[in-house]
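Enquirer: Quick one: the structure is below, and I'll ask about it shortly.
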Amino acid sequence: NVYDYFYELMKEIIVNKPKNPIDFLIERISKTETKRCVIVGPPGFSQLGLGRLIAGKIGWKYLNMSDWIERDIDEIRKSEAAQLPQPRPPKVKKEKKKSEEIKEEPSKEEPSKEEPSKE
1 NVYDYFYELM KEIIVNKPKN PIDFLIERIS KTETKRCVIV GPPGFSQLGL GRLIAGKIGW
61 KYLNMSDWIE RDIDEIRKSE AAQLPQPRPP KVKKEKKKSE EIKEEPSKEE PSKEEPSKE
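At the far end of the sequence shown sits residue 119, using UniProt numbering, and the numbering has no gaps.
In structure tokens, the structure reads:
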């Protein structure tokens, strides 16, 4: 109701006693007021279902606190993980190339199985 709203504005002027009441009123009127609805009930009451139903009927956005808390916890975990020192990768032994292995290993040729010469 417009009269109730005007009455509330006048009460705020009297209580706050601003130096410039016109600027105070302009600032107060230009603020958008957030409307909220909180549903509380015993277990098994289905607050979640009722909240979604009400939000759908009046065209409001449905917000669930557990979703917000979960999102915030995920953000905290990500920021903490970013601040932790990253583990160093394990040192890998450098493998020798096959050509180097051949040079280093002594020759393991089998003696030829030719018949010994008769002299």
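Positions of the beta carbon are idealized from the N, C-alpha and C atoms, including for glycine.
Small disclaimer: the values here were computed from a predicted structure and weren't measured.
Report, in whole angstroms, the separation of the C-beta atoms of L50 and N64, which I expect to be a contact under 8 Å.
Expert: Wrong, their Cβ atoms sit about 12 Å apart, outside the cutoff.
Enquirer: Under the three-state reduction of DSSP, which class applies to V40: helix, strand or coil?
Expert: DSSP places V40 in coil when its eight states are reduced to three.
Enquirer: Take every Cβ of the stretch 9–17, pair it with every Cβ of the stretch 30–37, and state whether three or more of those distances are shorter than 8 Å.
Expert: Cβ pair count under 8 Å is below three, so no.
Enquirer: Out of P43, C37, F45, point me to the one whose CA is closest to A55's CA.
Expert: The candidate whose alpha carbon is nearest that of A55 is C37.
Enquirer: Looking at the secondary structure, which residues open and close the alpha helix (DSSP H) in which N16 lies?
Expert: Looking at the DSSP string, the run of the alpha helix (DSSP H) that includes N16 is 2–16.
Enquirer: Quick one: measure Cβ to Cβ for R71 and Y62, integer angstroms, because I've assumed they're closer than 8 Å.
Expert: The pair is not a contact, with the Cβ atoms about 15 Å apart (cut-off 8 Å).
Enquirer: When you compare each of A81, L9, T34 to D23 by their alpha carbons, which one comes out closest?
Expert: With distances taken between Cα atoms, D23 lies closest to L9.
Enquirer: What is the rounded straight-line gap between the Cα of V40 and the Cα of S46?
Expert: Rounded to whole angstroms, V40 to S46 spans 10 Å at the Cα level.
Enquirer: Would you tell me roughly how many angstroms separate the C-alpha atoms of D67 and I73, rounded to the nearest one?
Expert: Each residue's alpha carbon lies about 10 Å from the other.
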